[in-house]
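*Asks:* First to last, the protein sequences are chains A and R. Using our numbering, read the first sequence as starting at 1 and increasing by one per residue. Using our numbering, read the second sequence as starting at 350 and increasing by one per residue. Each residue gets a CB set at the ideal place from its N, CA and C atoms; glycine is no exception. Here it is: the structure, laid out below.
There are 2 protein chains.
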Amino acid sequence: MSKDSLFIRTLRGERVERTPIWIMRQAGRYLPEYRAIRATTDFLGLCKTPELAAEVTIQPVDIIGVDAAILFSDILVIPEAMGMHLELIESRGPVFPDPIRSAADIDKLSTDLLERLQYVFDAIRLTKERLDGRVPLLGFSGAPWTLMCYMVEGKGSKNFDTVKSFCYQAPASAHRLLDMLADCVIEYLNAKIENGCDAVQIFDTWAGVLSPSDLDEFVLPYVTKICDALKTNGAPVIYFPKGIHDTSKLAFLNCNALGIDWTKDIAKAKAEAGGKVVQGNLDPCVLFASKDKIRSDVERIFAAVGTGGGHVFNLGHGILPTTPVENARFLVECVKDLSSVSADRAQIA
Amino acid sequence: MSKDSLFIRTLRGERVERTPIWIMRQAGRYLPEYRAIRATTDFLGLCKTPELAAEVTIQPVDIIGVDAAILFSDILVIPEAMGMHLELIESRGPVFPDPIRSAADIDKLSTDLLERLQYVFDAIRLTKERLDGRVPLLGFSGAPWTLMCYMVEGKGSKNFDTVKSFCYQAPASAHRLLDMLADCVIEYLNAKIENGCDAVQIFDTWAGVLSPSDLDEFVLPYVTKICDALKTNGAPVIYFPKGIHDTSKLAFLNCNALGIDWTKDIAKAKAEAGGKVVQGNLDPCVLFASKDKIRSDVERIFAAVGTGGGHVFNLGHGILPTTPVENARFLVECVKDLSSVSADRAQIA
Chain A
1 MSKDSLFIRT
11 LRGERVERTP
21 IWIMRQAGRY
31 LPEYRAIRAT
41 TDFLGLCKTP
51 ELAAEVTIQP
61 VDIIGVDAAI
71 LFSDILVIPE
81 AMGMHLELIE
91 SRGPVFPDPI
101 RSAADIDKLS
111 TDLLERLQYV
121 FDAIRLTKER
131 LDGRVPLLGF
141 SGAPWTLMCY
151 MVEGKGSKNF
161 DTVKSFCYQA
171 PASAHRLLDM
181 LADCVIEYLN
191 AKIENGCDAV
201 QIFDTWAGVL
211 SPSDLDEFVL
221 PYVTKICDAL
231 KTNGAPVIYF
241 PKGIHDTSKL
251 AFLNCNALGI
261 DWTKDIAKAK
271 AEAGGKVVQG
281 NLDPCVLFAS
291 KDKIRSDVER
301 IFAAVGTGGG
311 HVFNLGHGIL
321 PTTPVENARF
331 LVECVKDLSS
341 VSADRAQIA
Chain R
350 MSKDSLFIRT
360 LRGERVERTP
370 IWIMRQAGRY
380 LPEYRAIRAT
390 TDFLGLCKTP
400 ELAAEVTIQP
410 VDIIGVDAAI
420 LFSDILVIPE
430 AMGMHLELIE
440 SRGPVFPDPI
450 RSAADIDKLS
460 TDLLERLQYV
470 FDAIRLTKER
480 LDGRVPLLGF
490 SGAPWTLMCY
500 MVEGKGSKNF
510 DTVKSFCYQA
520 PASAHRLLDM
530 LADCVIEYLN
540 AKIENGCDAV
550 QIFDTWAGVL
560 SPSDLDEFVL
570 PYVTKICDAL
580 KTNGAPVIYF
590 PKGIHDTSKL
600 AFLNCNALGI
610 DWTKDIAKAK
620 AEAGGKVVQG
630 NLDPCVLFAS
640 KDKIRSDVER
650 IFAAVGTGGG
660 HVFNLGHGIL
670 PTTPVENARF
680 LVECVKDLSS
690 VSADRAQIA
């Protein structure tokens with residue numbers, strides 16, 4: 001049933017009756033219902049308790065009416081399963097107290113992940129059961145470059161000079177780690193799909209911090225490898241590299257859709273995307289604006305990419321914790337309303 | 350004499366014998382000689398003492414051999430002169446303890462700046478005297494949008510949600526402040542040029558945090574106003590908006606050159622720049638790499654934009670405090686060496 005959902009049909013490139021919407025970090029701190037669950041455990045505890053993860057995953061489907069659920073988790077569960085100690089404090093950002101800084105550090109990493117990530121697959125099965133086909137379930141992973149940024153920097157970074165220095169000074173080690181991570185991501189996403197995810201998204205939050213030549217060397221080969229190796233069994237694949245200028249560099253990727261951040265002209269991105277579906281790209285801060293501004297920005301995006309297919313509505317980055325729930329709900333209504341073919345207006349295609 | 354310098358002739362769009370180079374934040378913490386001066390006073394004290402500002406301004410000309418000096422200062426001297434209390438702690442970033450949050454806060458700002466910024470003009474005169482025509486002197490200002498980001502956020506921001514909310518919720522106030530800042534920047538840069546600066550650069554560090562439509566509304570009209578109103582008397586104008594995807598949006602600006610950050614393909618930027626000179630765009634982190642990597646990245650940039658004119662070499666962002674001085678010096682030598690028409694190699698144009 002989920003396979004015929006609006007979200008999945010749109011990702012497959014079909015013409016659709018209206019534009020689907022989901023919101024990055026839709027299961028998160030802006031929702032009082034999320035905060036109530038979160039108060040009972042820490043962030044990793046929430047990820048690792050299938051019952052709770054399923055509950056917060058489904059909350060935004062009920063509360064704001066999105067067209068897809070995304071399994072509550074974190075991209076850093078992979079390095080944690082590889083043996084790195086992870087401290088996840090939502091307000092401070094993730095910290096690895098013992099970051100990767102040498103070939104010897106890489107040698108210590110385990111790639112035997114699936115058993116340690118069983119809690120993720122249990123959460124998928126439980127969430128699918130509870131969703132009962134209402135909306136499809138999206139699974140996700142970090143991309144190798146973004147995972148390596150966290151693993152090498154050890155914490156948030158302004159300039160990413162530590163991970164870049166690692167790449168420049170020990171390129172063989174950097175490539176070994178990236179390749180190892182690509183294999184882990186493939187295994188992890190394949191298992192997510194096998195366990196019931198209807199689509200998967202690869203987050204490459206830090207793709208945009210590199211020069212074009214470093215992007216070609218340290219990012220794209222590993223995303224290419226992942227996209228080519230996934231056993232999707234029909235599940236669409238979305239790649240979201242934040243901050244990339246040149247979408248035409250991604251046109252060749254073996255995936256269905258590209259996430260487009262809010263700083264990008266989505267019409268231009270669509271034109272460069274080689275026929276792929278685009279996803280995005282409202283500035284998350286617009287949800288602090290008046291309803292008129294929210295509506296006019298939705299209209300602007302629809303004017304740029306049309307409404308009959310080829311586009312999944314989303315923010316250009318995760319929803320911010322201080323966002324009024326009412327505005328998130330209004331956005332979802334707006335997208336549904338303004339993109340419906342039954343709406344009493346000419347369709348832009 | 351400075352008006353016929355390599356740097357100025359390049360900015361005017363003339364064919365030149367080699368590519369000039371200067372480095373953003375070249376007068377800064379990576380230099381032991383800077384740290385020695387800085388140890389005697391705080392950051393604002395250094396800005397406000399012409400004798401010391403002149404000394405650190407000239408240091409990189411002597412120590413690493415750059416082709417232009419840039420007057421040591423900070424973009425936030427404008428809001429400080431407008432009456433905002435500024436705390437500048439280099440390692441923590443600037444803080445305005447009483448940020449602008451309302452129309453009433455804007456009313457309190459003074460636009461009677463020049464007398465309060467006399468220390469800047471004194472530093473220019475002293476620096477010019479000491480440089481004695483060896484290299485030209487560049488002056489700079491923040492752009493209205495970037496100044497407003499600091500003034501409204503009050504400190505560094507991850508998402509710029511406070512300043513964007515201000516723009517969305519009180520657009521008339523936001524535009525009033527931006528217009529006031531544009532007038533201040535015009536007056537300030539005109540006075541810098543009158544007092545001896547041979548060129549000026551407008552830094553728009555946070556231009557890239559906005560959507561294309563917000564860029565059109567909150568950034569470009571004010572930069573346009575500034576570029577149109579400057580009494581340059583032949584001094585070239587450089588605009589550096591960090592993180593902008595679409596350089597063609599800047600082609601119409603009444604300025605000589607555009608700064609291009611390191612995430613951008615400089616050949617593409619040059620093609621979109623409407624005949625303007627481009628400046629940049631080496632990733633500052635490349636200065637942590639081996640000399641072979643530094644050299645090959647310089648060659649890559651020259652392969653992209655040529656060496657006979659139309660390009661000022663620079664980093665794509667400020668040099669980082671932990672950069673080895675030796676590598677900065679090597680970069681300058683590399684640029685001079687690899688771009689000289691006398692070099693025994695075919696010129697790429």
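Give a yes or no on whether the minimum CB-CB distance between Pro241/A and chain R is below 8 Å.
*Replies:* It does not: the Cβ of Pro241/A has no partner Cβ on chain R nearer than 8 Å.
*Asks:* Which residues does DSSP list as the beta-bridge partners of Phe567/R?
*Replies:* Phe567/R is not bridged to any residue.
*Asks:* So what's Ile412/R in DSSP terms, helix, strand or just coil?
*Replies:* Note: Ile412/R maps to helix in three-state DSSP.
*Asks:* Just how far apart, CA to CA, sit Arg176/A and Ala143/A?
*Replies:* About 15 Å.
*Asks:* Does any residue of chain R have a CB that is nearer than 8 Å to the CB of Asn159/A?
*Replies:* By this cut-off, Asn159/A is an interface position.
*Asks:* May I ask which residues mark the beginning and end of the alpha helix (DSSP H) holding Asp198/A?
*Replies:* Element bounds for Asp198/A: n/a, residue is neither H nor E.
*Asks:* Given that a residue counts as buried once 16 or more other Cβ atoms are within 10 Å of its Cβ, and exposed if not, what is Glu675/R?
*Replies:* Classification for Glu675/R: exposed.
*Asks:* Tell me the start and end of each unbroken alpha helix (DSSP H) in the region 566-615 of chain R that is at least 4 residues and wholly inside, in chain order.
*Replies:* Entirely contained in the region 566-615 of chain R, the alpha helix (DSSP H) runs reaching 4 residues are, in chain order, 569-578.
*Asks:* Could you check whether the Cβ of Ala472/R sits closer than 8 Å to any Cβ belonging to chain A?
*Replies:* No, because no Cβ of chain A sits closer than 8 Å to the Cβ of Ala472/R.
*Asks:* Starting from Ile21/A, follow its DSSP beta bridges and name the residues at the other end.
*Replies:* The partner list for Ile21/A (beta bridge, DSSP) reads Phe313/A.
*Asks:* Output the distance between the C-alpha atoms of Ile407/R and Ala182/A, rounded to the nearest integer angstrom.
*Replies:* One C-alpha to the other measures close to 48 Å.
*Asks:* Pull up the distance between the alpha-carbon of Asp547/R and that of Ile424/R, whole angstroms please.
*Replies:* Distance between the alpha carbons of Asp547/R and Ile424/R is about 18 Å.
*Asks:* At a CB-CB cut-off below 8 Å, which residues of chain A make contact with Phe328/R?
*Replies:* Here chain R has residues from 350 to 698 only, and residue 328/R is not among them.
*Asks:* Please tell me whether Ile370/R and Asn663/R are closer than 8 Å, where the distance is taken between their beta carbons.
*Replies:* Yes, they are a contact pair.
*Asks:* Find the residues of chain A that neighbour Trp611/R, judging by a C-beta separation of less than 7 Å, and give them in chain order.
*Replies:* By Cβ distance, chain A contributes Ser211.
*Asks:* I'd like to confirm the pairing. Which residues does DSSP put opposite Glu87/A in its beta bridges?
*Replies:* Looking at the DSSP assignment, Glu87/A forms a beta bridge with Val95/A.
*Asks:* Can you tell me where the beta strand (DSSP E) with Asn159/A in it begins and where it stops?
*Replies:* Looking at the DSSP string, Asn159/A is not in any beta strand (DSSP E), and its letter there is neither H nor E.
*Asks:* Helix or strand or just coil, what does DSSP make of Phe72/A?
*Replies:* It is coil, neither helix nor strand.
*Asks:* In the DSSP assignment, find the beta strand (DSSP E) that holds Leu486/R and state where it starts and stops.
*Replies:* Its beta strand (DSSP E) spans residues 486-491.
*Asks:* Counting only C-beta atoms, is Gly624/R closer than 8 Å to chain A at any point?
*Replies:* No - not a single Cβ of chain A is within 8 Å of the one on Gly624/R.
*Asks:* At 7 Å on the CB atoms, spell out the chain A contacts of Gly482/R, in chain order.
*Replies:* Per Cβ cutoff of 7 Å: no residues; Gly482/R is ~35 Å from chain A at best.
*Asks:* Over what stretch of residues does the beta strand (DSSP E) that includes Leu353/A continue unbroken?
*Replies:* As shown, chain A starts at 1 and ends at 349. That puts residue 353/A outside it, with no answer to give.
*Asks:* Tell me which residue opens and which closes the beta strand (DSSP E) that Val277/A is part of.
*Replies:* Start and end: 277-282.
*Asks:* Please state the DSSP three-state secondary structure of Asp461/R.
*Replies:* Coil, per DSSP.
*Asks:* Going by DSSP in three states, Val82/A sits in which element: helix, strand or coil?
*Replies:* Reading the sequence as shown, one finds Met at residue 82/A and not Val. Residue state, collapsed to three classes: coil.
*Asks:* Would Pro79/A pass as a contact of Tyr188/A if the rule is Cβ separation under 8 Å?
*Replies:* It is not a contact, given that the beta carbons lie outside the stated cut-off.
*Asks:* Would Ser645/R pass as a contact of Pro485/R if the rule is Cβ separation under 8 Å?
*Replies:* It is not a contact, given that the beta carbons lie outside the stated cut-off.
*Asks:* Using 8 Å as the threshold, is the region 623-642 of chain R in touch with the region 275-289 of chain A, meaning 3 or more CB pairs across them?
*Replies:* Flag = no, the region 623-642 of chain R and the region 275-289 of chain A do not touch.
*Asks:* Mind checking which residues open and close the alpha helix (DSSP H) that includes Asp646/R?
*Replies:* From DSSP, the alpha helix (DSSP H) with Asp646/R extends over 640-654.
*Asks:* How far does the alpha helix (DSSP H) with Cys334/A in it reach, from first residue to last?
*Replies:* Unbroken alpha helix (DSSP H) run through Cys334/A: 325-339.
*Asks:* Using a Cβ-Cβ cut-off of 7 Å (strictly less than) and excluding sequence neighbours within five positions of Leu52/A, which residues of its own chain qualify?
*Replies:* Ile37, Thr41, Leu46, listed in sequence order.
*Asks:* With distances taken from CA atoms, which of Pro94/A, Lys249/A, His245/A, Gly318/A is nearest Gly156/A?
*Replies:* It is Pro94/A whose Cα lies nearest to the Cα of Gly156/A.
*Asks:* Please report the distance separating the alpha-carbon of Val237/A from that of Gly196/A.
*Replies:* Each residue's Cα considered, the two are about 14 Å apart.
*Asks:* To the nearest angstrom, how far is the alpha carbon of Ala251/A from that of Ala257/A?
*Replies:* Approximately 10 Å, taken between the alpha carbons.
*Asks:* Tell me which residues share the same chain as Thr699/R and place their Cβ nearer than 8 Å to its Cβ, disregarding the 5 neighbours each side in the sequence.
*Replies:* A question about residue 699/R goes unanswered here, because the residues of chain R that appear run from 350 up to 698.
*Asks:* Which same chain residues end up closer than 8 Å to Ser102/A when comparing Cβ atoms and leaving out the 5 residues on each side of it in sequence?
*Replies:* Result list for Ser102/A: Ala170, Ser173, in chain order.
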